[in-house]
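Right, one structure below, let's go through it.
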């Protein structure tokens, strides 16, 4: 027995060896309401291909899929082999989204998953991308940008990517973000690390660093303490994800988080990189991050710096609220809500 459950799938019920089995199966049809792509030897259905995902530019779901196929090598370099949360915009970039940590139950057998354990005690089997077919499959689910964890599926406890997220507070000029990115490059160099910059696709710059898989996760939370360009170190916590390289962002102009050469940073303008322009750039110059895997670095120097600062009396910054209280950590109370003692 089969029954349609929505526009994209059907419910199949059958008796197999005395057991009643229920499966959700994506439609494989081709027509006005769907198209089918042949990728990696597989048939990948794209439902509602003409659905507009970026109303101000008229870009459709199929345009988004074609974009990711054009830059698949770079996108998989940034997000491939890593468990990822699915950020789904089923009504397009201007609609509401939801995060889906757990891989859909009705996924094809060729969609890989890895089970993560979070500080809260929860677990989730998350999607792991390896090829262009899997990439197209998650875009068909309404994923606009890609949000991988900084770990590999084969080693979930030891991150191999340090993420420097430079996020300007309102009113800070873009030129200052570029200056801080260049400063971050020099600081990383001083500690034997190589930074790989990219636009965030929004208002900031990310600098990714490949590191040796030797360390586990134990790594100013309150926004009112942020001034200038905020270095969001909490993006390196175990359950945090960041839009990866070549991710299209849900902005009106379909802006892309684009890998850069360092010589581009002093004059880069983020609005130059969109779903429309990046495929041509990728075809012309390749991926500026093509060599990122060849240079994993050590965190030892940074950890020694942290130990020296601690011995000099500099305490740790507050940890995210869902982590256990850490030794020497200051109060996890928003500064404006902290009780002050008055002398009597």
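Numbering (the numbering used here), first residue to last: 504 to 847. The C-beta atom is built at its ideal place from N, Cα and C for all residues, glycine as well.
In the structure shown, residue 598 falls within a coil segment according to DSSP collapsed to helix, strand and coil. In the three-state reduction of the DSSP assignment, residue 562 falls in the strand class. Boundaries for residue 647: no alpha helix (DSSP H) harbours it, and the DSSP string shows neither H nor E there. Under the Cβ criterion (8 Å, minimum of three pairs), the stretch 614-632 does not count as touching the stretch 556-575. The Cβ neighbour count for residue 797, taken over all protein chains shown within 10 Å, is under 16; the residue is labelled exposed. Here residue 705 is not bridged, per DSSP, to any residue. Between the alpha carbons of residue 698 and residue 790 lies a gap of roughly 15 Å. One Cα belongs to residue 778, the other to residue 813, and the distance between them is close to 45 Å.
Secondary structure note for residue 541: its beta strand (DSSP E) is the uninterrupted segment 537-542. For residue 777, the pairing in a beta bridge is given by DSSP as 758. The secondary-structure analysis by DSSP pairs residue 627 across a beta bridge with 619. Counting only residues of its own chain and dropping the five nearest sequence neighbours on each side, residue 768 has a CB closer than 7 Å to the CB of 681, 684, 685, 700.
In the structure shown, residue 764 falls within a coil segment according to DSSP collapsed to helix, strand and coil. With a cutoff of 8 Å on beta-carbon distance, residue 593 and residue 606 are scored as not near each other. Residue state for residue 603 is assigned as strand, using DSSP reduced to three classes.
Relative to residue 601, the option among 800, 753, 652 whose CA is nearest is 753. Looking at 810, 688, 646, the one whose alpha-carbon comes closest to that of residue 599 is 646. If you look at residue 684, you'll find it in the alpha helix (DSSP H) that goes 677-693.
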